[in-house]
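Undergrad: Its first residue numbered 699, the sequence shown is counted upward by one per residue in our numbering. Backbone N, C-alpha and C define an ideal beta-carbon position, used for all residues, glycine too.
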Amino acid sequence: MAKRNRNLKKIGRNDSCPCGSGRKYKHCCLSKNLNLSSKKPLPELDLLKEEFRKYSPSELIPMLSGLQILPENQSHTIRLEMAIQIACSLQSEGELSIDPIHLRDILNKYLPTDGDIGILEDPPESLFTENIVVYGGNYVIYPGVTEETYILSALLESIHLSESDFPIDFILAVWPSALSLLILSNEIAKRAGHFRNMTSPDTWRTDIVSTDESQIQKLTSSVVFTKKEVDELLIKHGLTNESLTPFKIPAGDYVFANPSVTNNPLILRPLVEIEDKIVVTHPGSIVSCLRHFIWVAAYRYNAVKVLAEKYKNVLWKNAQEYFRLMHFKPLNIDLPSLKDNLPIKEQVFRIDSDKLVYVQLTVDNGDGYSAEDPYEEWKPAVLSQDIFSRDKLINQYLKKINNFLNNDIFVIKIFGRIGRPAQIAIHSQGNQTLPISIEDLEVVSKLGDLDSLALWKYARAEKKYNFSPFSTFLDKFSLYYEHNHSFYLDDRKKPTHLYLLPGYGLNLKIKVKHMWDKHASLTSSSDNFIVVVRRYLESNIPIYVPEYSFGRFSYQLIEGYLQPIWVGPTLEITKCFPKLNKTNLEFTETFSYWLWQLTPGLKEHLSPLGRTPITIIFSFGEPEKWVNIKKSKINTDSSSLSFNWKVSDSSIKFTIPIEIEPFLQRHDNLGERLMLESLMQTFGKLLESKNLHNTLDIAEIKRFLDIHAPFGNKKKIFTVDTSYSVRLDDRYVPMVRKLQKHDVQEQMDELVNELDKQKYPVGKVIESKIEKEKLCEKIVDIYYARLKSIIHMYSWESLIKRFITYNEALSHYKALKDLTTATTIECFTGVPLKVAEELEETQVITSTALSLRTLIEIVSAEPPKGNKELSVADFDMLLAITDRLINWSMISDHIHTKIIDHELSILESGRIGVDKEAFDKVYNPFMKNKILEHLEHSISSFKSNFILNQEEKTDIDPIYEAAFKAEFGLSLSQIIDFYHFLMDIGFEQEVAAPSLHLSDMKLKLKEILMWDDETIEQAIELFSQFPRKKWEKPPAGFEYNDIWPWKYNRRLSYIRRPLVIGPKVEENPLVFWGPCHVEEACINLIGLVRTGRYHINENTPEGMKSLIGTIINEKGKRFRQKVEQWFIDNTSCKVDHEVPIKPGKKLNAEIDLGDIDVLVIDEKSKRILLVECKDLNYGRNPQEIANEIERLIGDNEEDNSWTKKHIKRHEWVKANVDVLIRAYGLKNELFLVDSLFIVSNEIPAPYIRAMPLPFIAYSQLVRNGLSSLDEILSMQES
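(1) Looking only at its chain, what residues have a beta carbon closer than 7 Å to the beta carbon of Ser-1340, apart from the 5 residues adjacent to it on each side?
(2) Closer than 7 Å by C-beta to Lys-1902: which residues in its own chain qualify, once you throw out the five before and the five after it? Chain order, please.
(3) For Lys-1695, which three-state DSSP category applies?
(4) Rounded to a whole number of angstroms, what is the C-alpha to C-alpha distance between Ser-1558 and Leu-1750?
(5) Counting C-beta neighbours from all protein chains within 10 Å, is the total for Arg-1232 16 or more, i.e. buried, or is it exposed?
(6) Asn-829 by DSSP, collapsed to three states: which one?
(7) For the alpha helix (DSSP H) that contains Cys-1774, what are its first and last residues?
(8) Looking only at its chain, what residues have a beta carbon closer than 7 Å to the beta carbon of Leu-768, apart from the 5 residues adjacent to it on each side?
(9) Apart from the five residues on each side of it in sequence, which residues of its chain come closer than 8 Å, Cβ to Cβ, to Val-1763?
(10) Pull the bridge partners of Asp-1834 from the DSSP assignment, please.
(11) Cβ-heavy atom distance between Met-1588 and the ligand FMN below 7 Å?
(12) Measuring straight from C-alpha to C-alpha, what distance separates Cys-1831 and Val-1858?
(13) Check Trp-1343 in the structure and name its three-state DSSP category.
(14) Could you give the residue range of the beta strand (DSSP E) that holds Ala-1955?
(15) Report the option in Val-1769, Tyr-1792, Asn-1797 and Arg-1755 whose CA atom is closest to the CA atom of Glu-1778.
(16) Would you tell me roughly how many angstroms separate the C-alpha atoms of Ser-860 and Thr-1417, rounded to the nearest one?
(17) Anyone know if the C-beta pair for Leu-1148 and Tyr-1020 falls short of 8 Å?
(18) Express the C-alpha separation of Leu-1805 and Thr-1798 in angstroms, rounding to a whole number.
(19) For Gly-891, is the classification buried or exposed, using 16 other Cβ atoms within 10 angstroms of its Cβ as the cut-off for buried?
(20) Would you identify the three-state DSSP class for Tyr-1095, choosing helix, strand or coil?
(21) Does the region 1006-1015 come close enough to the region 1056-1068 to have 3 or more Cβ pairs within less than 8 Å?
(22) Hey, Ile-1112 and Ile-1136: beta-carbon distance below 8 Å or not?
(23) Looking at C-alpha atoms only, which residue of Ser-1338, Leu-853 and Asn-1766 is the closest neighbour of Gly-1117?
(24) Taking Lys-747 as the reference, which of Ser-756, Gln-766 and Gln-783 has the closest Cα?
(25) Report the rounded CA-to-CA distance for Ala-1407 versus Trp-902, giving the unit in angstroms.
(26) When DSSP labels each residue in this structure, what does Ala-1120 get in the three-state scheme?
(27) Got a sec? Which residues, its chain only, sit under 8 Å from Leu-1036 by beta carbon, not counting five neighbours each side?
(28) Determine, using beta carbons only, whether Trp-1729 and Glu-1848 come nearer to each other than 8 Å.
(29) Short of 7 Å in beta carbon distance, which residues of its chain neighbour Asp-1581, apart from the five on each side in sequence? Order them along the chain.
(30) Is the region 1292-1304 touching the region 1342-1358, taking contact as three or more C-beta pairs under 8 Å?
(31) By alpha-carbon positions, which one of Pro-821, Lys-1280 and Asp-1682 ends up nearest to Gly-842?
(32) Between the alpha carbons of Ala-1571 and Lys-1439, how many angstroms are there, rounded?
(33) Going by DSSP, what residue range makes up the beta strand (DSSP E) through Ala-1690?
(34) My parser needs the beta strand (DSSP E) runs of 3 or more residues fully inside the region 749-834; what are they?
(35) Can you check whether the CB of Asp-1855 is closer than 8 Å to the CB of Ser-1938?
(36) Which class does Lys-946 belong to by DSSP, given the choice of helix, strand or coil?
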């Protein structure tokens, strides 16, 4: 061995090799610099060997092997491998026994973390355990620190799917050995109590870990097999011990004479024979050992070309599925012919209206594979040149046919490994190119929240930064994903060089493995397996679907019983009635859900049926009637319901009668309980068919249904008549597109460069209020200029059609969510989890909706004259710019109204620093309670979503009719008729954004509503967005507050004016609208009036003023009565209301101090509570919040705010408590006087400003009861 350079810097295996080759150290000079196979080993290894000589190898080897399957040691593989090699090299038995703790100390002494061996260890890039599916069976394996599980799985699948294409000798050599090794691995996991997809703690660069003696003994016993145990284990599967011969090696064999990091014999032969025992010394090498064995066998039996081709096909099939999950659309483009020898697959996809993706999969073809070294590098120089030529040809070809798109072609280069390292040059051909491994592609595709543009956007971001040379795609993507789709670790400084440790992306792998939980399950027979994945990715619900059916309709599997239970519709229903596919899915999901819920009660009853799978196949009685379900009158008599079923073997055929529909249309789950009751009876018949005791009598069924499916809102099936709520109709509506994190982050970059550098130098902190407002104004101008500079390139029709379409999707999404919130809480999350979900979701949806409506208003006011069509990526960018514009406008208003004094600074990163703490401190607690209040309201009002008697039509109050006529020139009934007209004719066009020429719309109005021309003109004028010179300038008769989108209750808002009139009004323009939004606009306008929120001013007609005043007074009165009743129902106190404090009254004051809304006297605790009740609409923007604060507390002593008025009443009562005692006939004792404001809903003011009196929302009072009062009053006293 050459003399080792002791001054050589310690280098990790994944670090760049110091020789300058550009390769990883472990694939380059590791074996030269650390030649542990030399005849002169490192001194510390000699010392360790001497220490080991004291102990028995038959005890030492198993214990060292057991330490390898301790999760805490996953990062310590190289040191433990070296120790096992040394132990296996011993020729004689020592006399001493060794305990695990002493062994640990010896290992850490001679193989320290920072020693020559320890420094070579990498953090793991895989889970501690994973699962391999072979022949349908599940086998738990230990991948160690390598990433070869995917490779082995694909190799085995390649052979399994095409056995007849391989030489028989190859099959006979591979299958027995592969299965035998996997069986051993699975048995080790079973003995150790390990299961699939376990993770290990982060112990990289720490000492080797041991644990208590009993645990180590268990792990040691797990890896040791007597030869008899091996025989018994394998014979169950029709295998023999001979199949393991290629992987055995006797302890003390000469191959262990010179321990080696780079040439460890246990990598290829992990089974060590000690006397009559077999020790699996390195469970983590079984995967790499087996994939190597397969390739060597392929060479031996002349099967390399077949294996390489089949392997390539499996990887390509997988890649196509991954792209499907990310919504890539394959195009039928005939590419130029491929050379026969090129080991690639390729396809062109569309990811946007103007973006093509060329995907190329290159797979290691096994050429020149080394039988001796499983990690010998593949250097296909000729292949690299051939691929370069192919790329050049494809690039020219696509650009030639790419006339209708932009010139950019996004190239994704996938590499499929076979386990050995490889070097293939990548040439971008001037295109944006993303290299990615097939394993990493699987991970990102299965995250569940990435769409077709995600990788394109990532590639754009990644090319701006420098990374450590051997950061993998997944390492970099993980950083990007975790930081809101950006490489900024924080806003202060722009990253220049990002150094990522190997394995940084492991968290994403773990997330995906746990989300999908891929494994095999039995289907209809005892030997027919299918690969399944979770139906609900973000939960641990044990409902699964076949792997390649995810996102499509399929049968579903329920686990948790002794046997698998499968549910799905009959083949006849799916083929003959395709219109019932959504209904099929809904019922499949319903049965699956309830079978999961019933597991605790039903499992014991079904256990006697054994492990044979049960299949429930349902159909619909009179299926043609199920196609067009009509809303039915409520039904409570179930006596006529008749469910038909047939039991054969382990299959149940279950027919659902059409008569169940009225029960399913109810707000409660009665219909589902009736179906379940009948299904449970069929399980009883199944027991009887097997000559087993039927324990499922009707009393028992009702008992556990009442426990696990109690009568109430917990339901899965919704039957909605969309003629009564068009927003719930999903026809013609695309998937909702929310504000994209990547685009928001991108719009924050380099903002400083557009400011005056002298006025705003880097590092400057903006101090004064005026300066802050000026900076905000400048930033808003920048974003608005950006917006206008982009919008002008597009066609007005392209923009408005796309914007309205996306707004329709959002409107539908919100309506469906509102409808299902209560049942989602009941069925899945519970209220606390739902609050956490909604906290983030609400902000995203609100920002998306506001930005989208603003874009519609801007484009309506200033129609662009360009000819460019809007792509999805462009839409994302415009939405993000608008979001930033609104965000900075809100910040400006926060500062202007003194609600939040944001700290602003000019950051080195090129971004503007905003102190988020001040805002989050206010926003998060308020929104958490506001969302909680909303969810509670959704639950309590759930029943009202179901119209049970649609024949009834409520007459409109004449007062409303008159008030609307005075305000709008149209009565309320005319306005409603107009809105319904728009919805009806909109759906006739079968598009999300219907349109008509203005003259055609007027004709239809005249024809359908029989209106005169004046009324038609009035309605169109009232509810339309018209072009004008500048969006930012209000037209005559309007104010700036009618324009700014962050204001509420605006007369020029899209929610108030849902029709968009195109340019050139004098030339009969097109008119666009969205039916869902029209309904939302109708609800909004009527809601504003009915809640008293409608904005009135000096120009408002008296009729509307009077109506709004009456509504506000009535609402206040009803709320006061509700509060009073709560105290009556929940306390034993004396309660009175509207108690005046004024001259001549029983609380006789010298001046009129107003009324006490609710007076509560607790004689027992000697407390008097003065309650002020305020029915308020909460402030939704800074100005409204400022007004809210002003009304509540005021800014100076002269202000006659609500709290100051109440404090005067409080002080009077406190000073004249004896008057109150006499007035209410109380004992003349000392009473404590408290005051309290109870508001009708959560409002932001008390979260922003300290209030002089205690405040509580009525929802909190109801939720927490008297304890909330005690808490808030005691806080006030302290």
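TA: Based on what the coordinates show:
(1) So the qualifying residues of the chain are Pro-1355.
(2) Only Gly-1892 meet the Cβ criterion.
(3) Sequence check: residue 1695 is His here, not Lys. Strand, per DSSP.
(4) Looking at the two C-alpha atoms, the distance is approximately 11 Å.
(5) That one is buried.
(6) Under the three-state reduction of DSSP, Asn-829 is assigned to strand.
(7) Note, Cys-1774: alpha helix (DSSP H), 1773-1788.
(8) The beta carbon of Leu-768 is closer than 7 Å to those of Val-907, Thr-909 and Leu-917 in its chain, skipping five residues each way along the sequence.
(9) In the same chain as Val-1763, and ignoring 5 residues on each side of it, the C-beta atoms closer than 8 Å to its own belong to Leu-1696, Phe-1724 and Pro-1725, in chain order.
(10) Leu-1857.
(11) This structure does not include the ligand FMN; it has no bound ligands of any sort.
(12) In this structure, the straight-line span from the alpha carbon of Cys-1831 to that of Val-1858 is close to 6 Å.
(13) Secondary structure of Trp-1343 (DSSP, three-state): strand.
(14) For Ala-1955, the enclosing beta strand (DSSP E) has its first and last residue at 1953-1955.
(15) Here the closest residue by C-alpha is Arg-1755.
(16) One alpha carbon belongs to Ser-860, the other to Thr-1417, and they sit about 47 Å apart.
(17) Tyr-1020 is positioned such that its CB atom lies no closer than 8 Å to that of Leu-1148.
(18) If you take the alpha carbons of Thr-1798 and Leu-1805, they lie about 11 Å apart.
(19) When all chains shown are included, Gly-891 counts as exposed.
(20) In this structure, Tyr-1095 counts as helix in the three-state DSSP scheme.
(21) Segment contact: the region 1006-1015 against the region 1056-1068, three or more CB-CB distances shorter than 8 Å; contact assigned.
(22) In this structure, Ile-1136 lies closer than 8 Å to Ile-1112 by Cβ.
(23) Selected option, being the one with the closest Cα: Leu-853.
(24) Comparing Cα-Cα distances from Lys-747 to each of Ser-756, Gln-766 and Gln-783, the minimum goes to Gln-783.
(25) In this structure, the CA atom of Ala-1407 is about 48 Å from the CA atom of Trp-902.
(26) If DSSP states are grouped into helix, strand and coil, Ala-1120 belongs with the strands.
(27) Closer than 8 Å at Cβ, skipping near neighbours: Ile-1042, Glu-1044 and Arg-1088.
(28) Not in contact: Trp-1729 and Glu-1848 (Cβ atoms no closer than 8 Å).
(29) Cβ neighbours of Asp-1581 beyond the five flanking positions: Leu-1437, Val-1442, Ser-1545 and Ser-1549.
(30) Too few Cβ pairs lie closer than 8 Å, so no.
(31) The shortest Cα separation from Gly-842 among Pro-821, Lys-1280 and Asp-1682 belongs to Pro-821.
(32) Cα atoms of Ala-1571 and Lys-1439: separation of roughly 12 Å, rounded to the nearest angstrom.
(33) Per DSSP, Ala-1690 belongs to no beta strand (DSSP E) and is neither H nor E.
(34) Runs of the beta strand (DSSP E) inside the region 749-834: 828-832.
(35) Here Ser-1938 is not near Asp-1855, since their CB atoms are 8 Å or more apart.
(36) Collapsing the DSSP output to three states places Lys-946 in a strand.
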